[in-house]
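Novice: Going from the sequence shown to the numbering used here is simple: count from 1 and add 407.
The beta carbon of each residue, even a glycine, is placed where N, CA and C say it ideally should be.
Treat the numbers as computed from the prediction; the structure is a model and nothing was measured.
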Amino acid sequence: MTNANDERDRLLESIAKRALNVPTLRMRSSDDLDFHEVAVWSLLEALRLAYAAGYERAVSDREAPPAAVDVCRALDAYAHNLYEDVPADLAAIVERARRAIGGTVSPTGICPRCGEDDHDRLVWDEHGETVTCQRCGT
């Protein structure tokens, strides 16, 4: 037997001891020792333990190929750089919009005449060139 098979058999035997109260899975050439009555709930527990052990092994054996790791790192760096640029990009958009509307609304988004700051009441006209304040009409 190989080491992997030995390891597997030791694991199965430990599950049998723990869940089924079966001391060994080796044939001992005796009906009293080789045949056991097992409750279905004990069998279910043994199968669950075996499944969990297999799942854990499969997950722990998985390793991403180096190329995939490099791609993930590059995407992470790219996303981080995009996020860092967002505030500057938004500030540039606000500044362009403010210049396009001729200063009708201050850069802070508050009506310069009445101080309205509810953006739902500061409305672009249909041409998208100016903003009017529904509160004071500016």
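At the level of alpha carbons, what is the spacing between ASN412 and LEU482?
Specialist: Distance between the alpha carbons of ASN412 and LEU482 is about 41 Å.
Novice: Under the rule that 16 or more other beta-carbon atoms within 10 Å means buried, what is PRO500, buried or exposed?
Specialist: Note that residue 500 corresponds to Ile in the displayed sequence, not to Pro. By the 10 Å Cβ count, ILE500 comes out exposed.
Novice: Which word fits ALA475, buried or exposed, when buried means at least 16 other C-beta atoms lie within 10 angstroms of its C-beta?
Specialist: When all chains shown are included, ALA475 counts as exposed.
Novice: Along the chain, where does the alpha helix (DSSP H) that runs through ASN428 open and close?
Specialist: First-last for ASN428: undefined, no H or E at that position.
Novice: Taking 9 Å as the threshold (C-beta atoms), are ALA426 and ALA459 in contact?
Specialist: No, these two residues do not count as a Cβ contact at 9 Å.
Novice: Taking the alpha-carbon of VAL445 as reference, which of ALA423, VAL478, ASP438, ALA486 has the nearest alpha-carbon?
Specialist: With distances taken between Cα atoms, VAL445 lies closest to ALA423.
Novice: If you draw a straight line from the alpha carbon of PRO494 to that of ASP477, how long is it in whole angstroms?
Specialist: Rounded to whole angstroms, PRO494 to ASP477 spans 28 Å at the Cα level.
Novice: In the DSSP output, what is CYS540 paired with across the bridge?
Specialist: Per DSSP, LEU529.
Novice: Between ASN410 and ASP439, what straight-line distance do the alpha-carbon atoms span, to the nearest angstrom?
Specialist: Near 30 Å, if we compare the C-alpha coordinates of ASP439 and ASN410.
Novice: Tell me the rounded alpha-carbon separation between ASP502 and PRO519.
Specialist: The question names Asp, yet the displayed sequence has Glu at residue 502. So the two alpha carbons sit approximately 16 Å from each other.
Novice: So what's SER436 in DSSP terms, helix, strand or just coil?
Specialist: Three-state result, SER436: coil.
Novice: What's the call for CYS540, buried or exposed, on a 16-neighbour Cβ count within 10 Å?
Specialist: That one is buried.
Novice: Hey, ILE517 and ASP524: beta-carbon distance below 9 Å or not?
Specialist: Going by C-beta atoms, ILE517 is nearer than 9 Å to ASP524.
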